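> Protein chains in written order, with the working numbering: chain A, -5 to 54; chain B, 726 to 946; chain C, 5 to 258. Ideal placement from N, C-alpha and C gives every residue a C-beta, glycine not left out. The structure displayed is predicted, hence computed values, not measured ones.
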Amino acid sequence: MMDLGPHASFIISAYIGVALVIAALIANTMLDSSKQKQRLAELEAMGVRRRSAANNEAKK
Amino acid sequence: MNAFVAVVAHDLKLATRSFGDLLTLILFFVMIGVIVPFAIGPDKVLLARLSPGIVWIAAFLSSLLALDRLFRVDQEDGSLLAFRHATISLETITFAKLIAHWLTSALPLILATPILAVMLNMDMTIFWRTVVSLLLGTPALTAFGAVGAAITVSLRRGGLVAPVLILPLSVPILIFGTSAISANAGPDAEVAAQLFLAGISLVSVSLAPFAAALALKLTQE
Amino acid sequence: MSIETAKPMNWFDKLAHPGQFLIWSRYLVLPLALVSTTLFVIGLWYAFFNSPEDYQMGDTVRIMYVHVPNAWLSQFVYVAMAVSAIGTLVWRHPLADVSMKAAAALGAAFTAMALFTGALWGRPTWGTYWEWDGRMTSTLVLFLMYLGLVILWRSFDDQLRAAKLVAVLTLVGAINIPVIKFSVDWWNTLHQPASVLRAGGPAMPPSILIPLIVMTFAFTFLFLTLHMVAMRTEILRRRVRALERKRAVEGIVK
């Protein structure tokens, strides 16, 4: 690692802190997304239909 | 004009009818002045230096307490719906309620300031400056509070949410409020802060009725 | 009007309709994510390996490459939310409130990072983690406002009613943005005055300006990616709630 001067710890802490927060944001976003998709799939499997989905079914 | 005065009078009557509410408010305000010396220690010089800030915090927290009754009662008994069909606009009604609210929540506190001044060993000049800054700044607190109260009026447990929403907006008022009293700044800085405070109050009081009325209308959609 | 006789959607309807949005936004997520990652890689390389130390503050200038993008983004996201708020209240755009909600938590995170990196930059460079000056106080106020908005969203069951009230609060709080921007000019402050977006052009040499701009774009594209995914998730979440409500009603009826 290059020499970051006398205040290296501040620089590294700043970047690591930012990296952690960004990682948390990405993780949270992705987890939330898959949770909703999963729940939607479960409800679909149970046979609960949305109005427009039911219309499309009726048209067939 | 009559309808406007009627709304103000109506709210005043309601608020002062229950003397218990008014007493609770003043008591809360004074209690902060009692608690702080216990928390900070009885060092009189220190208390005197901190007293403007403590008075402002006490006024701010007490005004947050009183906010709930600004619109909630009207919401629950259906008056808000009736107001929409009144001869004067909802904005005017909100403005009238704002005035009544300031008269029954901020003014009593300002009148109770001498009690705090004694408990916090406030200097005479500082005391008068504090009263002036409260007079100039509390209208703005009431205005922002009204907007917060209007936004949260439909929440059943909205009592705690409104203060949280209002706090960030009130920070500038607190900043200028205390710097209008500060003994260290020269007379120029003090007058400048007072003018700022008056400006914020004027602008917020004139615009708040519009924001609050909009929030009330949207709540009923 | 039934599905068969409804008029065909034009390009604007395709943008506004949540169902349509889900269809076309799917293809944007991966490209946005790739652009963000690339920009971060380039930016970090510049920040650590291809930029000089500042003649006054030495290597700590490298903190600026994460501080400034976050600070700028914290304000930009709020402005985007304010525009969405107008879209909700005035034009009743169906996606506007979804956009607003998705942006709130992200904005809070960026503001928090701006405050955090600013504190770490301030300590070695100007001697203090924090100062109650105009810029820092108003940024802290901005952070509290973001949190207030997140709380307000969660206080309502009916998200559509919440949307309108959150929009009002967002617009009332928008007054803070000009205060933040001009606070460094209006008051004597510890924070340095504007050095990039100012009349007369940037006051930095290109060797420092380029990493700064790359990192700013990197963070912005990160926001755009996360915002788009969050919007999609919010639309799905509303569908889930509607279906669960329907299921509960059907359960009672049966």
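On the criterion of 16 or more Cβ atoms from any shown chain inside 10 Å, does residue 50(C) qualify as buried, or is it exposed?
Its Cβ being crowded by 16 or more others within 10 Å, residue 50(C) is buried.
> Starting from residue 180(C), follow the alpha helix (DSSP H) in both directions and report where the run begins and ends.
Taken as a continuous stretch (DSSP letters only), the alpha helix (DSSP H) holding residue 180(C) covers 180 to 190.
> Between residue 5(A) and residue -1(A), what straight-line distance do the alpha-carbon atoms span, to the nearest angstrom?
Whole-angstrom Cα-Cα distance: 9 Å.
> Taking Cβ-Cβ distances below 8 Å as the criterion, which residues of the segment 44 to 61 of chain C are in contact with chain A?
Of all residues in the segment 44 to 61 of chain C, 52, 53, 57 have a Cβ within less than 8 Å of some Cβ in chain A.
> Would you decide whether residue 179(C) is buried or exposed? Buried here means 16 or more other CB atoms lie within 10 Å of its CB.
Flag for residue 179(C) reads exposed.
> Identify, in the order they occur along the chain, each residue of the same chain with its Cβ nearer than 7 Å to the Cβ of residue 233(C), setting aside the five sequence neighbours on each side.
Within the same chain, residue 233(C) has close Cβ partners 33.
> When the Cα atoms are used, what is the spatial distance from residue 246(C) to residue 126(C)?
Rounded to the nearest angstrom, the two C-alpha atoms are 49 Å apart.
> Looking at C-beta atoms only, is the number of pairs between the segment 813 to 825 of chain B and the segment 934 to 941 of chain B that lie closer than 8 Å three or more?
Touching, yes, given that three or more Cβ pairs across the two stretches are closer than 8 Å.
> Could you name the residues of the same chain whose beta carbon sits closer than 6 Å to that of residue 873(B), not counting the 5 residues immediately before and after it, in chain order?
Cβ within range, chain order: 887, 890, 891.
> Name the chain A residues whose beta carbon is nearer than 8 Å to that of residue 125(C)?
The contacting residues are 4, 8.
> Check this for me: beta carbons of residue 941(B) and residue 856(B), under 8 Å apart or not?
Not a contact, by the Cβ cut-off of 8 Å.
> Going by other Cβ atoms of all chains shown within 10 Å of its Cβ, with 16 needed for buried, is residue 78(C) buried or exposed?
The residue in question, residue 78(C), is buried, as its Cβ has 16 or more Cβ neighbours within 10 Å.
> Might you give, ordered along the chain, the residues of its own chain that have their beta carbon closer than 8 Å to the beta carbon of residue 190(C), omitting 5 neighbours on each side?
For residue 190(C), where only same-chain residues beyond five positions count, the Cβ hits under 8 Å are 138.
> Output yes or no for whether 8 Å exceeds the beta carbon distance between residue 221(C) and residue 43(C).
A contact, by the Cβ cut-off of 8 Å.
> Any Cβ of chain B within less than 8 Å of the Cβ of residue 152(C)?
Yes, residue 152(C) lies at the interface with chain B (some Cβ there is under 8 Å from its Cβ).
> When the Cα of residue 32(A) is compared with those of 240(C), 216(C), 254(C), 90(C), which residue comes out closest?
Comparing Cα positions, the closest option is 240(C).
> Please list, in chain order, all residues of the same chain as residue 750(B) whose beta carbon is under 8 Å from its beta carbon, the five residues on each side excluded.
Excluding positions up to five away in sequence, the list reads 787, 790, 791, 830, 833, 834.
> On the three-state DSSP scale, how would you describe residue 126(C)?
It is helical.
> Could you name the residues of chain B that residue 145(C) contacts, counting a contact when the two beta carbons are closer than 7 Å?
Under the 7 Å cutoff, chain B gives 893, 896.
> What is the rounded straight-line gap between the Cα of residue 155(C) and the Cα of residue 849(B)?
Near 42 Å, if we compare the C-alpha coordinates of residue 849(B) and residue 155(C).
> Going along chain A in order, which residues have a C-beta closer than 9 Å to the C-beta of residue 161(C)?
Residues of chain A passing the Cβ test: none, with the nearest at roughly 18 Å.
> Can you grab the Cα-Cα spacing for the pair residue 738(B) / residue 785(B), in whole Å?
Between residue 738(B) and residue 785(B), the C-alpha separation is close to 24 Å.
> For chain B, check one thing: does any of its Cβ atoms lie closer than 8 Å to the Cβ of residue 141(C)?
Chain B contact via Cβ: present.
> Using CA atoms only, rank isn't needed, just tell me which of 794(B), 774(B), 759(B), 809(B) is closest to residue 743(B).
Residue 743(B) has its Cα closest to that of 794(B), out of 794(B), 774(B), 759(B), 809(B).
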